[in-house]
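514 is the number of the first residue of the sequence shown in the working numbering; add one for each residue after it.
The beta-carbon is built from N, C-alpha and C at its ideal position, and this holds for glycine as well.
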Amino acid sequence: MPERLDRFMERAASAYYAGRDPFGQAGDFTTAPEISQAFGECLGLWAAVTWQMMGAPAPVRLVELGPGRGTLMADALRAVGEVMPAFRAAVEVHLVETSPTLRAAQAARLPGTQWHDRLEDVPPGPTILLANEFFDALPIRQFIRREGGWRERFVQDGGFVEHAVEAAPPLPETAPEGAIQEYSAASLAIAHHLAGRLRMQGGAALVLDYGPAAEGFGDSLQAMTRHGPADPLAGPGSVDITAHVRFPALAAEARSAGAAVHGPLPMGLFLQRLGLMSRAAILARANPRAAGLILSGAERLVAPEGMGRLFKVLGLCHPGLAIPPGFEPA
Ligand code: SAH
Numbered sequence: 514m515p516e517r518l519d520r521f522m523e524r525a526a527s528a529y530y531a532g533r534d535p536f537g538q539a540g541d542f543t544t545a546p547e548i549s550q551a552f553g554e555c556l557g558l559w560a561a562v563t564w565q566m567m568g569a570p571a572p573v574r575l576v577e578l579g580p581g582r583g584t585l586m587a588d589a590l591r592a593v594g595e596v597m598p599a600f601r602a603a604v605e606v607h608l609v610e611t612s613p614t615l616r617a618a619q620a621a622r623l624p625g626t627q628w629h630d631r632l633e634d635v636p637p638g639p640t641i642l643l644a645n646e647f648f649d650a651l652p653i654r655q656f657i658r659r660e661g662g663w664r665e666r667f668v669q670d671g672g673f674v675e676h677a678v679e680a681a682p683p684l685p686e687t688a689p690e691g692a693i694q695e696y697s698a699a700s701l702a703i704a705h706h707l708a709g710r711l712r713m714q715g716g717a718a719l720v721l722d723y724g725p726a727a728e729g730f731g732d733s734l735q736a737m738t739r740h741g742p743a744d745p746l747a748g749p750g751s752v753d754i755t756a757h758v759r760f761p762a763l764a765a766e767a768r769s770a771g772a773a774v775h776g777p778l779p780m781g782l783f784l785q786r787l788g789l790m791s792r793a794a795i796l797a798r799a800n801p802r803a804a805g806l807i808l809s810g811a812e813r814l815v816a817p818e819g820m821g822r823l824f825k826v827l828g829l830c831h832p833g834l835a836i837p838p839g840f841e842p843a
């Protein structure tokens, strides 16, 4: 039976994350918080300054979508505990995570945390939200241009088959033959809910992920295993399957739901503005034996040929909030 790509991807992603910790050297891939502790520290300080701009509400929900091992949140909380204890005291941590294995890993690092399956379940109130490499794991549909119309890609026996489109989302009216348009209903629904929440209850969110800054056609479905490329349609759950985040579409959805939108900016520029390299230099001086590793890790996050250009940062805010740190016009 052919299976629509988003349904295949949802099944594959939940099977993949349910039973394993895929991060780091021994796993399948490495993410920014696992590369440098300065990443979570800078985002924690971003959250603290943003909280002050919000008028320092207490309590404030500090929410993370798809927190992995809990590294980003642990680094963020440690940093703000030192620099802005009033913010630390106001913070209530809420993690949105579906994987039982990763929830256990997060619990070991983040005592006193609350977990939810969905963002909708986080109690209302002023919110600061972080999502790093979360949206790229959400299911997408792919439409392919054939003879002046759109067909949809389904998965069958480890390959693609094309079928007539049922319940089509909005698609471009014209496209070159063979062009592929991706569409993630799950991502748009979360962006919509998040924006509505920020508009009504106040707050700000950062979406950090990989994908182009402008709209375009193309097949971005990909998979990783053991730090190398893999066949995304191979045995569901055996490889990490992701797709590029469509930042312009997320931004438009959030704007239509009433949020102010900043960026997307290249992640390297954003992290440099937050002082990531200076923080790494301080860490390196404090630990001379690991200095090389600390500096090269931070460099990888900001360098254009590393993660600094492909990765983007999108800011979503309550419309009354001033421009949050890092998004100042150049
Ligand atoms: N942010 C972490 C992990 C990224 S991997 C880091 O940067 O290291 C993706 C994370 O999202 C994992 O924690 C995975 O279990 C979680 N996840 C994937 N799909 C999800 C969904 N639909 N709902 C909630 N969590 C999900």
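* Separation of I754 from A681, as counted between CA atoms -> Looking at the two C-alpha atoms, the distance is approximately 23 Å.
* To do: Just the C-alpha distance for L784 and P515, rounded to the nearest angstrom, thanks.
  => One C-alpha to the other measures close to 43 Å.
* Within the segment 739–765, note down every full beta strand (DSSP E) run reaching 3 residues or more, in order along the chain. => 741–743, 753–755
* Cut-off 6 Å between Cβ atoms - residues of its own chain near E605, not counting five sequence neighbours on either side -> P572, R574
* Please list, in chain order, all residues of the same chain as G594 whose beta carbon is under 7 Å from its beta carbon, the five residues on each side excluded. => If we look at G594 and ignore the five residues flanking it on each side, its Cβ neighbours are R601.
* Give a single yes or no on whether I650 has its beta carbon closer than 7 Å to a heavy atom of the ligand SAH. => In the sequence under discussion, the amino acid at residue 650 is Ala, which differs from the Ile named in the question. The answer is yes for A650.
* Starting from the C-beta of E665, find all residues in its chain whose C-beta is less than 6 Å away, skip the five residues before and the five after it, and write them out in chain order. => F656, H676, V678
* To do: Answer with buried or exposed for S791, where buried requires no fewer than 16 other C-beta atoms within 10 angstroms of its C-beta.
  => Exposed, by the Cβ-count rule.
* Determine the direct distance from the alpha carbon of V609 to that of G553, and round the result to whole angstroms. => G553 and V609: Cα-Cα distance of roughly 17 Å.
* To do: Give the straight-line distance between the Cα atoms of A772 and L834, rounded to the nearest whole angstrom.
  => For A772 and L834, the distance between alpha carbons rounds to 10 Å.
* Nearest to F760 by alpha carbon, out of T738, D541, A621, E695? -> E695
* Report all residues from its chain with a CB closer than 8 Å to the CB of A794; omit the five preceding and five following residues, and keep chain order. => L808
* **Spatial neighbours of D588 in its chain, beta-carbon cut-off 6 Å, leaving aside the 5 residues before and after** => Q550, G553, E554
* Express the C-alpha separation of E660 and G638 in angstroms, rounding to a whole number. => Those two C-alpha atoms are separated by around 50 Å.
* With 16 other Cβ atoms within 10 Å as the buried cut-off, status of S700 -> buried
* **the segment 820–837 in contact with the segment 711–726 per 3-pair CB rule at 8 Å** => yes
* To do: Tell me whether the beta-carbon of G781 lies closer than 8 Å to the beta-carbon of V815.
  => yes
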